[in-house]
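Each remark here refers to the structure printed beneath this line.
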Amino acid sequence: MSSLHLWLMSERPASRRQAALGRAYAGWRNFARNRLALLGLVIVLALVVIAALAPWIAPYAPDVGDLMTTRLLPPSSAHLFGTDDQGRDILSRLLHGSRITLFVVTLVALLAAPIGLLVGTLAGYCGGWVDAALMRVTDIFLAFPRLILALAFVAALGPGIENAVLAIAITSWPPYARIARAETLTIRQADFISAVQLIGASPWRIVLRHIMPLCLPSVIVRVTLDMAGIILTAAGLGFLGLGAQPPMPEWGAMIAAGRAYVLDQWWVAAGPGLAIFIVSLAFNLLGDGLRDALDPKGSP
Amino acid sequence: MRFQKARLKGAARFAFSVALTYLGLLAVTFFIGRVVPVDPVLAITGDRATEEQMARVRTELGLDQPLLTQFCVYLGKVAQGDFGNSVLTSNPVLEDIRRVFPATLELATVGIIIGVLMGVPLGVWAAVRRGRFADQLVRVMGLVGYSVPIFWLGLMGLVLFYAKLGWVSGPGRIDIAFEYSVTPVTGLMLVDTAIAGEWAAFRSALSHLALPGLLLGYFSLAYISRMTRSFMLKELGQEYIVAARAKGISEARIIWRHALRNAAVPLVTVIALSYAGLLEGSVLTETVFAWPGLGQYITNSLQNADMNAVLGGTLVVGSIFIALNLLSDLLYRSLDPRTR
Numbered sequence: 001m002s003s004l005h006l007w008l009m010s011e012r013p014a015s016r017r018q019a020a021l022g023r024a025y026a027g028w029r030n031f032a033r034n035r036l037a038l039l040g041l042v043i044v045l046a047l048v049v050i051a052a053l054a055p056w057i058a059p060y061a062p063d064v065g066d067l068m069t070t071r072l073l074p075p076s077s078a079h080l081f082g083t084d085d086q087g088r089d090i091l092s093r094l095l096h097g098s099r100i101t102l103f104v105v106t107l108v109a110l111l112a113a114p115i116g117l118l119v120g121t122l123a124g125y126c127g128g129w130v131d132a133a134l135m136r137v138t139d140i141f142l143a144f145p146r147l148i149l150a151l152a153f154v155a156a157l158g159p160g161i162e163n164a165v166l167a168i169a170i171t172s173w174p175p176y177a178r179i180a181r182a183e184t185l186t187i188r189q190a191d192f193i194s195a196v197q198l199i200g201a202s203p204w205r206i207v208l209r210h211i212m213p214l215c216l217p218s219v220i221v222r223v224t225l226d227m228a229g230i231i232l233t234a235a236g237l238g239f240l241g242l243g244a245q246p247p248m249p250e251w252g253a254m255i256a257a258g259r260a261y262v263l264d265q266w267w268v269a270a271g272p273g274l275a276i277f278i279v280s281l282a283f284n285l286l287g288d289g290l291r292d293a294l295d296p297k298g299s300p
Numbered sequence: 001m002r003f004q005k006a007r008l009k010g011a012a013r014f015a016f017s018v019a020l021t022y023l024g025l026l027a028v029t030f031f032i033g034r035v036v037p038v039d040p041v042l043a044i045t046g047d048r049a050t051e052e053q054m055a056r057v058r059t060e061l062g063l064d065q066p067l068l069t070q071f072c073v074y075l076g077k078v079a080q081g082d083f084g085n086s087v088l089t090s091n092p093v094l095e096d097i098r099r100v101f102p103a104t105l106e107l108a109t110v111g112i113i114i115g116v117l118m119g120v121p122l123g124v125w126a127a128v129r130r131g132r133f134a135d136q137l138v139r140v141m142g143l144v145g146y147s148v149p150i151f152w153l154g155l156m157g158l159v160l161f162y163a164k165l166g167w168v169s170g171p172g173r174i175d176i177a178f179e180y181s182v183t184p185v186t187g188l189m190l191v192d193t194a195i196a197g198e199w200a201a202f203r204s205a206l207s208h209l210a211l212p213g214l215l216l217g218y219f220s221l222a223y224i225s226r227m228t229r230s231f232m233l234k235e236l237g238q239e240y241i242v243a244a245r246a247k248g249i250s251e252a253r254i255i256w257r258h259a260l261r262n263a264a265v266p267l268v269t270v271i272a273l274s275y276a277g278l279l280e281g282s283v284l285t286e287t288v289f290a291w292p293g294l295g296q297y298i299t300n301s302l303q304n305a306d307m308n309a310v311l312g313g314t315l316v317v318g319s320i321f322i323a324l325n326l327l328s329d330l331l332y333r334s335l336d337p338r339t340r
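Next comes the structure, spelled out in structure tokens:
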């Protein structure tokens, strides 16, 4: 164990692989020192596992209930989170709902982060009028109210989980563009960029192969920090009936369904809200930890 | 002289960027209005109309014109305050918004006052006690505020404080008994009842406002306290603080007069932005509390595919965002001597 530790922490790595592994190991040690961040990571990993295994670990079917006998039952040992107005087991629905949450979060990240990266690196590398124009567009999008804009987009596109994802992605790329541009501006002056320019690499190659990978860490940190916001926005859209449609077990929509019974059967709305809270808290903790580990002086 | 010129140039550039942002907002709302899959012609004529009828309506609406012409017509209409009529209420959208906006304004203002009055001291406290219990406490409060869905917290608050404990009143702005006895002057329930001297109605309004107001206050508190903490830490690490300590000035005076005053400059931007955020966040809060404000107006219109009203509401909220951004920028310039 300690020889592995020494090998990883070596000042003079003998190979590229050792250097890369050593850097990852140092980063991990830095990150793991933060207990709360570790907790966040554990919860997020648990979410992934639950989403993968939902059909096998859920005690009941998520979308069919027994209207005769199991309607609006309070939490008990048979139904840990109670049952809803359709007689469905809320815990089972929550477990299946984790798939939707992961789907939304992953898709928004995959849509918004590349757009932001591309806009930011292009603006930073090209400079001049390209920079001015792209940053103007970014600023315009930044000045918008995000939730309301997402609402209007979904209203125009029609309700549904895919449209909700699209609307959230459209409104969440500008901060990534800002970050990527700032990083690019510092990298652009580096000697190795001049070197690849001299070799004759095309601007596209420089931006895609040499600049973007270096911008990635700070964008990833920002995306992780934004995950909570994305989850909350998606849940908000679901709550307003604009996101996932019933009978999909989306957590926000489940709260909306429980709203009618909230004064007497509070558990119908309580469970899904708790799930949203725990998951977005986990992403916040994880994001904070990543930021501190990657950039110790940038933390407030 | 050169100084003056530079300032004028800065102001011109600033005005230009504001105008451009606003144009962008209009372009986006126009675009959203255009990509609606529901055909506006079909919505008016119904699906049994003949080809000629539909063509005539299309001409009347100007939908046969090129996009750019349509956009210019749209700009002209918005400039005159004409957002079209709401399908739902059949009133002009602007009139509707004028009627519902004070409710949202009242709620958001109460929220931001609570947020500032509690968030700033908490942030200062956390910064002074960095790494100790108080710091952790404020951090946890902030994290919870960032992570909890506001509409869910509102619902649970209603269950606990209204249904179970009976400390506050339920949904709505005021008890039905007072609903029609208050003459709207400003549209702000607390102000109107106070002007009329109807103290029973005032208490009822306050009791209805308490829960959503505290809720929004908590959400702005989470953001404001976190930012205050980080600004304060930056100031407390400066050399002028060391100098002040060396002079023997009391710690309280150093914190509240020297450090906070400098931290207040960037804080103004944070407060303006969270005020704007509260106006936006009202969409979800108002739905939970049946608060008859702009947020509920927008969601109601959304659910009835009333696009004129939705886009009008979006435009109003967007304009407030831009205006608050502008205001915070101007305040920043006037408060921070270095930007002059």
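Residue numbers (the working numbering), protein chains in the order written: chain A, 1 to 300; chain B, 1 to 340. C-beta: ideal position from N, C-alpha, C; glycine also.
Applying a beta-carbon distance threshold of less than 7 Å, which residues of chain A neighbour residue i?
i	result
TYR146 of chain B	ALA228 and ASN284
VAL310 of chain B	ALA152 and ALA155
LEU304 of chain B	Residue 304 of chain B is actually Asn in this sequence, not Leu. Those do not exist, as ASN304 of chain B stays about 10 Å from chain A at its closest Cβ, beyond 7 Å.
ASN325 of chain B	ALA143
PHE321 of chain B	ALA143, PHE144 and PRO145
ILE174 of chain B	Those do not exist, as ILE174 of chain B stays about 20 Å from chain A at its closest Cβ, beyond 7 Å.
ILE255 of chain B	None at all; the shortest Cβ gap to chain A is about 18 Å.
Taking the CB atoms as reference points, tell me whether residue i and residue j lie closer together than 8 Å.
i	j	result
ALA180 of chain A	CYS215 of chain A	yes
ILE231 of chain A	THR101 of chain A	yes
ILE187 of chain A	ILE211 of chain A	yes
GLY293 of chain B	ALA103 of chain B	yes
ALA32 of chain A	LEU39 of chain A	no
SER147 of chain B	LEU281 of chain A	yes
MET286 of chain B	ILE148 of chain A	The question names Met, yet the displayed sequence has Glu at residue 286 of chain B. Going by C-beta atoms, GLU286 of chain B is not nearer than 8 Å to ILE148 of chain A.
GLY232 of chain B	GLY123 of chain B	Per the sequence shown, residue 232 of chain B should be read as Met rather than Gly. It is a contact, given that the beta carbons lie within the stated cut-off.
LEU278 of chain B	LEU216 of chain B	yes
LEU26 of chain B	LEU75 of chain B	yes
THR183 of chain B	ALA196 of chain B	yes
GLY313 of chain B	ILE113 of chain B	no
I want to verify the contact list: residues of chain B whose CB lies under 9 Å from the CB of residue i, in sequence order.
i	result
ASP139 of chain A	SER17, LEU20, THR21 and GLY24
VAL262 of chain A	LEU155, MET156, LEU158, VAL159 and ALA163
SER280 of chain A	TYR146, SER147, VAL148 and PRO149
What does residue i reach in chain A if we use C-beta pairs closer than 9 Å?
i	result
LEU365 of chain B	The structure shown does not extend to residue 365 of chain B, since chain B spans only 1 to 340, so no value can be given for it.
Using the beta-carbon of each residue, which ones in chain B are nearer than 8 Å to residue i?
i	result
ALA269 of chain A	TRP152, LEU155 and MET156
GLY241 of chain A	GLN303
Residue i touches chain B at which residues, Cβ-Cβ below 7 Å?
i	result
ARG136 of chain A	LEU20
ALA235 of chain A	PRO149
In the DSSP assignment, find the unbroken alpha helix (DSSP H) run with residue i in it and report its ends.
i	result
MET248 of chain A	Here MET248 of chain A belongs to no alpha helix (DSSP H), and DSSP marks it neither H nor E.
ILE148 of chain A	146-157
PRO174 of chain A	174-188
ALA14 of chain A	Premise fails: ALA14 of chain A is in no alpha helix (DSSP H) and is neither H nor E.
ILE342 of chain B	One cannot answer for residue 342 of chain B here, as it falls past the ends of chain B, which runs 1 to 340.
ASN308 of chain B	307-335
HIS5 of chain A	2-8
ASP292 of chain A	267-294
TRP129 of chain A	128-142
VAL196 of chain A	191-199
GLY135 of chain B	Reading the sequence as shown, one finds Asp at residue 135 of chain B and not Gly. Element bounds for ASP135 of chain B: 133-147.
PRO217 of chain A	212-239
ILE341 of chain B	There is no way to answer for residue 341 of chain B, as the model of chain B reaches only from 1 to 340.
Quick one: which chain A residues come within Cβ less than 8 Å of residue i?
i	result
GLU286 of chain B	Within chain A, no residue comes near GLU286 of chain B; the closest Cβ sits about 11 Å away, beyond 8 Å.
Taking 7 Å as the cut-off, is the C-beta of residue i nearer than that to any heavy atom in the ligand PLP?
i	result
ALA200 of chain B	This structure lacks the ligand PLP; in fact it carries no ligand of any kind.
What residue ranges within the segment 62-87 of chain B form continuous alpha helix (DSSP H) runs of no fewer than 4 residues, ordered along the chain?
Qualifying alpha helix (DSSP H) stretches, in chain order: 67-79.
In chain order, which continuous runs of the alpha helix (DSSP H) of length 4 or greater are located wholly inside the segment 55-91 of chain A?
For secondary structure counted as the alpha helix (DSSP H) over 4 or more consecutive residues, the segment 55-91 of chain A holds no complete run.
Which runs of the alpha helix (DSSP H) at least 4 residues long sit entirely within the segment 86-129 of chain B? Give them in chain order.
Taken in chain order, the complete alpha helix (DSSP H) segments of 4 residues or longer contained in the segment 86-129 of chain B are 93-128.
If contact is defined by three or more beta carbon pairs under 8 Å, each pair taking one atom from either stretch, is the segment 76-84 of chain A in contact with the segment 233-248 of chain A?
Per the Cβ contact rule, the segment 233-248 of chain A is not in contact with the segment 76-84 of chain A (fewer than 3 Cβ pairs under 8 Å).
Which ranges would you report for the alpha helix (DSSP H) in the segment 190-270 of chain B if only whole runs of at least 4 residues count?
If we require 4 residues or more, the alpha helix (DSSP H) runs fully inside the segment 190-270 of chain B come out as 199-236 and 239-247.
Any chance the segment 169-178 of chain B sits against the segment 193-213 of chain B, with 3 or more Cβ pairs inside 8 Å?
Taking one beta carbon from each stretch, the segment 169-178 of chain B and the segment 193-213 of chain B have 3 or more pairs nearer than 8 Å; the two touch.
Would you call the segment 134-149 of chain A and the segment 191-204 of chain A in contact, with 3 or more CB pairs under 8 Å?
Taking a cut-off of 8 Å on C-beta distances, the segment 134-149 of chain A does not touch the segment 191-204 of chain A, as fewer than three cross pairs fall below it.
Pair every Cβ in the segment 109-128 of chain B with every Cβ in the segment 302-311 of chain B, then say whether three or more of these pairs are closer than 8 Å.
The segment 109-128 of chain B is not in contact with the segment 302-311 of chain B.
Would you be able to state if there are at least three C-beta pairs under 8 Å between the segment 254-266 of chain A and the segment 152-166 of chain B?
The segment 254-266 of chain A and the segment 152-166 of chain B touch, with three or more beta-carbon pairs separated by less than 8 Å.
Touching by the beta-carbon criterion (3+ pairs, under 8 Å), the segment 260-270 of chain A and the segment 12-21 of chain A:
They do not touch, by the three-pair rule.
The segment 252-266 of chain B touching the segment 137-151 of chain B, judged by at least three CB pairs closer than 8 Å
When Cβ pairs closer than 8 Å are counted between the two stretches, the segment 252-266 of chain B is seen not to touch the segment 137-151 of chain B, the count staying below three.
Inter-stretch contact (C-beta, 8 Å, three-pair minimum) for the segment 126-136 of chain A and the segment 156-170 of chain A
Note that the segment 126-136 of chain A does not touch the segment 156-170 of chain A; fewer than 3 beta-carbon pairs, one per stretch, sit closer than 8 Å.
For the segment 70-88 of chain B against the segment 240-252 of chain B, are there 3 or more C-beta pairs whose distance is under 8 Å?
Not touching, per the Cβ criterion.
Okay, do the segment 40-50 of chain A and the segment 282-291 of chain A touch, 3+ Cβ pairs below 8 Å being the bar?
Under the 8 Å Cβ criterion, the segment 40-50 of chain A counts as touching the segment 282-291 of chain A, having at least three qualifying pairs.
Is the segment 264-272 of chain A close to the segment 126-143 of chain B, with three or more CB pairs under 8 Å?
No: fewer than three Cβ pairs fall under 8 Å.
Flag this pair as touching only if the segment 87-100 of chain A and the segment 51-64 of chain A have three or more C-beta atom pairs under 8 Å; answer yes or no.
Short answer: they touch.
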